[in-house]
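Sequences listed follow chains A and B, in order.
Going by the numbering used here, the first sequence opens with residue 821, and the numbers climb by one from there.
Going by the numbering used here, the second sequence opens with residue -16, and the numbers climb by one from there.
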Amino acid sequence: MLTNALKCRTIKFLLLLTLLLSSRILYAAPKIEHWKTADGLPVYYVHVPELPMFDLRLTFAAGSAYDGDKPGVSSLTTGMLDKGAAGKNADQIAESFESAGAQFSTDSARDMATISLRSLTLQEQMDKSLNTWLEVIGKPDFPQMDFARLKKQALIGLQAQKQDPGSVAQKAFYKNLYGDHPYASPPSGTEQSINAMTVDDLKNFYKQFFVVNNAQLAIVGDLKRHDAENIATQISKALKSHAGGIGKKAADIPPVKPLTEARTVHIPFQSAQAHVMIGQPGDKRGDKDYFTLYLGNHTLGGSGFTSRLMKEIRVKRGLSYSVYSYFIPMRELGPFLLGLQTKVSQTDQAIKVARKELEKFQKEGPSEEEIKASKLNITGGFPLRTASNDDIIGYIAMIGFYGLPLDYLDTFTKTINSITREQIIDAYQRRLHPDKMLTVIVGGESGDNQSGENKTAAQNESKKEKAKQ
Amino acid sequence: MITRSLSLATLLLVALFPVASPAAQQHLADSQTGKLAQPDKQAINTSKPKVFEATLKNGMKVLVKQDKRAPVAVIQVWYKIGTSYEHEGITGLSHALEHMMFKGTKKHKSGEFEKLVSAIGARNNAFTSQDYTAYYEVLANDKLDTVMEIEADRMRNLVFDPEEFKKEIEVVKEERRWRTDDKPASLTREQFNAVAFLNSPYRSPVIGWMVDLEGMKVKDAFDWYKKWYTPNNATLVVVGDVDPQQVFAMAKKYFGVYKRNELPEIKARTEVKQLGPRHLTVKLPAKLANLRMGFKTPGMISAKQGKVEKWEPYALEVLANILDGGDSARFAKNLVRGKEIAASASAGYYGYGRLPNMLVITGVPAKGVETKTLQKALLDEVEKLKTELVDEKELARVKAQVVAGEVYERDSIQHVATLLGSLESVGLGHQLMDEYVPEIMAVTAEQVRKVAKKYLLEDQLTVAELIPQAMDKKTNKAGDAH
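1. If you draw a straight line from the C-alpha of Gly958(A) to the C-alpha of Leu950(A), how long is it?
2. For Trp207(B), which residues of its own chain have a beta-carbon under 6 Å away from its beta-carbon, when the five flanking residues on both sides are left out?
3. In the structure shown, what three-state DSSP assignment does Thr1018(A) receive?
4. Strictly under 8 Å for the Cβ-Cβ distance: is Ser843(A) near chain B by that measure?
5. Are the C-beta atoms of Lys1172(A) and some chain B residue less than 8 Å apart?
6. Cβ of Trp161(B) less than 8 Å from any chain A Cβ?
7. Where in the stretch 157 to 237 of chain B do unbroken runs of the alpha helix (DSSP H), each at least 4 residues long, occur, reported from the N-terminal end onward?
8. Helix, strand or coil for Ala1094(A), going by three-state DSSP, please let me know.
9. What are the residues that DSSP puts in a beta bridge with Lys908(A)?
10. Would you kindly check if the distance between the Cβ of Pro268(B) and the Cβ of Ala453(B) is under 8 Å?
11. Going straight from the alpha carbon of Lys1069(A) to that of Pro1149(A), what length do you get?
12. Alpha carbons only, please: which of Lys972(A), Tyr1141(A), Ala1174(A), Asp1168(A) is nearest the one belonging to Gly1099(A)?
13. What is the DSSP secondary structure of Gly42(B), reduced to helix, strand or coil?
14. Report yes or no: is there a C-beta of chain A within less than 8 Å of the C-beta of Tyr419(B)?
15. Quick one: any contact between the stretch 997 to 1006 of chain A and the stretch 279 to 299 of chain B, if contact means 3 or more CB pairs under 8 Å?
16. Using the Cβ count rule (16 or more neighbours within 10 Å means buried), how would you classify Thr1231(A)?
17. Taking 8 Å as the CB-CB cut-off, is Ser112(B) touching chain A?
18. So what does His262(B) bridge to, in DSSP terms?
19. If we count the other Cβ atoms within 10 Å of its Cβ and call it buried at 16 or more, is Ile423(B) buried or exposed?
20. What three-state label does DSSP hand Val893(A) in the structure shown?
21. Can you find a CB in chain A that lies within less than 8 Å of the CB of Glu151(B)?
22. 8 Å is my cut-off, CB to CB: does Phe993(A) come that close to chain B?
23. Which residues of chain B have a Cβ atom closer than 7 Å to the Cβ of Leu871(A), listed in chain order?
24. Where does Ala453(B) fall in DSSP's three states?
25. The beta strand (DSSP E) spanning Ile1245(A) covers which residue range?
26. Three-state secondary structure (DSSP) at Val956(A)?
27. Thinking C-beta only, is Ala234(B) closer than 8 Å to Leu39(B)?
28. Of all the options Arg1134(A), Gly1041(A), Phe962(A), Leu1113(A), which has the alpha carbon lying nearest to the alpha carbon of Gly1185(A)?
29. Do we get a CB-CB distance below 8 Å when we pair Leu141(B) with the residues of chain A?
30. May I have the straight-line CA-CA distance separating Lys210(B) from Tyr1146(A), to the nearest angstrom?
31. Could you tell me which chain A residues have their CB closer than 7 Å to the CB of Gln384(B), listed as they occur along the chain?
32. With a threshold of 8 Å between beta-carbons, can Pro985(A) be considered close to chain B, or not?
33. Who are the near neighbours of Pro247(B) in its chain, counting only those whose CB is closer than 6 Å to its CB and skipping five residues on each side?
34. From the DSSP output, which residues share a beta bridge with Gln49(B)?
35. Using the beta-carbon count (16 or more within 10 Å), is Leu835(A) buried or exposed?
Here you go:
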């Protein structure tokens, strides 16, 4: 009976594979419509009529990479928008959004600053939330009293990061990976920069970067094209009014320099676990190797439990709850990052196993069988990527911001399926350099991680690094 | 609620039951003023999204809800088992078993399960809470059959290899270190629960105490599995672009082969009456102080059992949202802004478990503010609810958010499925999703004051204060049992 069942399942599995190949062709990605407002604001729109709601997302080349000598200014600027606008105070603005059931949010990452709205399309609620949103983006007041409070909260946020080994590791990773490049600057700023910040810094930042020529708008939901066009025009006008014109596109972010030698940074920390991050500059949005690196990394550490890192570190040895590797594509080279957390006494062992897998993968790449499995997973799961309004707006905002082709989603599975093993090996050999990677370890006492018998090159480098400091 | 690995589910479930809670679409129509942006949508808005329900002969319940926006589906298998079924000494066993559920069956070897699921492009994971354990796959709607077969297989045929267990329990310990031991606020919450509850099983952490994980044996997990993983203790939930009748047929084919098993008797373990306020301090290497306060309250389940009035839990839900239901709520308005006493403050009603829990208030003091000052300010806000009626505008705001939240949550099929499965698993029944909006809409200012006066009592209060200690010295971390 067991044999029968096994046979049965195998046949079924083959049948499913066939089904999979056919169904993939049937499923069309959401249709993205694109236009520019009269002032030149690029709009990316997907009509999803099923739920009586819509999402708006404005993206600006105004993340922390544009903070300059004022780390944290982008984050404070977006954080201040709903604290006062068009003469309304923070209480009134919050009341306007929430009494309409609307959700207002902002974010400042490294490349991108975003301002978003989620609202119902019922006329009364929509008018109220949209009008408030337009006031917030078009007439922000940056009240001094709220700014003083926000600064204090930002400083508390920095304290919270200091008591969390994961946050400490992430900060140290970016700082050491990027050196004097703008990506090194922490989006949440530093104590010194936050203390020195003034309201005028925020006003200037907003006026310079939150302008039509530096913006893209994404719209998803139960809005007809005509309504979406009207909304886009109003947003465009609001942006123009605060800046007194359509402004300028932000200057390009400088290219990222490659690392020239292996380095280990060890930060002692009073924690049960050590947090380990290993990496180097990775790839960009629109990078010619993007899909090849993405597909390859699926096998290395991108696919959860079927990845090599998960099998070796977690399943076989029980060393870590979470272990992963991925590329974070950005405007310029974002990080390639391999991360794990393990009991302090196991740090050396975990790093050794992770590095072995990384080096092996960089040399030999994935097997044909692994590539086949990755392709099935990525293409078979494609419909999940755009199954909700939330998913769709994430994609079209990204496509718009990075200027990716509008058929990005339509060609996604075809592109993935066309990649060969040779291409993956070639890309990894050209792009990844395990002998020149940065290793950040947060946890343990000073010197704890130098006790392993077989020290890796990186760890030997670490001693040198420490001697230098 | 904790999950097998870091994933979307973590994010999803954090948002489970805040103001954006379950409801039926018809009530959206009720709240409309007839001024739809696009009148042709009215048909969709007013049609009640039906939950299709069936029970297999062996007692397994099947719930199906359709969402045809995209050719995808989510399948979840829920077991009524979690920390609240455990006794002291075996805390964390339900969660450890959840980890073992990915280790292979007689039919599918360890690792094969992951390959199969991956090959059809599915995303999968699992999560454990105090009252339930659930396994799920999100996938293209034409692959349901494959995962249904796998889920049915591991319901009864799991293999417990001692070597696999030895490694997996180390993973669970790492998870505990990551999730709790190295996070001051999490450690504070853990100790707070253990003090607030004397005998209710809600006193134990879902991940388990470290000493219990140290002592856990593969046999413990196996026995637990045999006892609780049976069709009559499970609910299958499918949401997405699926045909309910086909799902029922599939469920019958794969899960219908198992016999009903007698379940162990579940003891009441009702929390003994609290006889006065409780205070605890937690000294930890940290940078920020943290305050956590909880008032014992009845749950939705208490109303279902007829122990309190039906409106009371809903009034408590509204009350929590008056305090903290967004940036215009009282904590944000009066304490974060206003007096600038709190860097952050939150209130949440834990009313959706199988046992009564608490209304919990937390806060981080603003820069230069003493924790005691914050505590007083938060409790003053609570007192105000007992003496003054809440403003009609505030009530209207909470209700508007509930109506909108009901629409927003339908954007995620995982969220909808999770609501159905959790309500069913704690014994509230998925029908609560239909009652939720009208019950919230019916709550009056007077009812909010009544529940404040009845339940937010000093004698029912537990307060935990995290007192930060210098971080550079050698201090024993609470999590290390050695």
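The beta-carbon is built from N, C-alpha and C at its ideal position, and this holds for glycine as well.
The answer reads as follows:
1. 12 Å
2. Leu76, Leu80
3. coil
4. Bear in mind that a pLDDT of 37 at Ser843(A), under 50, signals an unreliable position, so the number given afterwards is only what the model happens to contain. Yes, Ser843(A) lies at the interface with chain B (some Cβ there is under 8 Å from its Cβ).
5. no
6. yes
7. 167 to 179, 193 to 197, 201 to 211
8. strand
9. Ala905(A)
10. yes
11. 21 Å
12. Ala1174(A)
13. coil
14. no
15. no
16. exposed
17. no
18. Val446(B)
19. buried
20. helix
21. yes
22. no
23. Val390, Arg393, Asp394
24. coil
25. Per DSSP, Ile1245(A) belongs to no beta strand (DSSP E); it is in the alpha helix (DSSP H), 1241 to 1251.
26. helix
27. yes
28. Leu1113(A)
29. no
30. 40 Å
31. Glu918, Gly921
32. yes
33. Lys210
34. Gly223(B)
35. The pLDDT assigned to Leu835(A) is 34, lower than 50, so where the model puts this residue is not dependable; a value taken from the coordinates is nonetheless given after this. Label assigned to Leu835(A): exposed.
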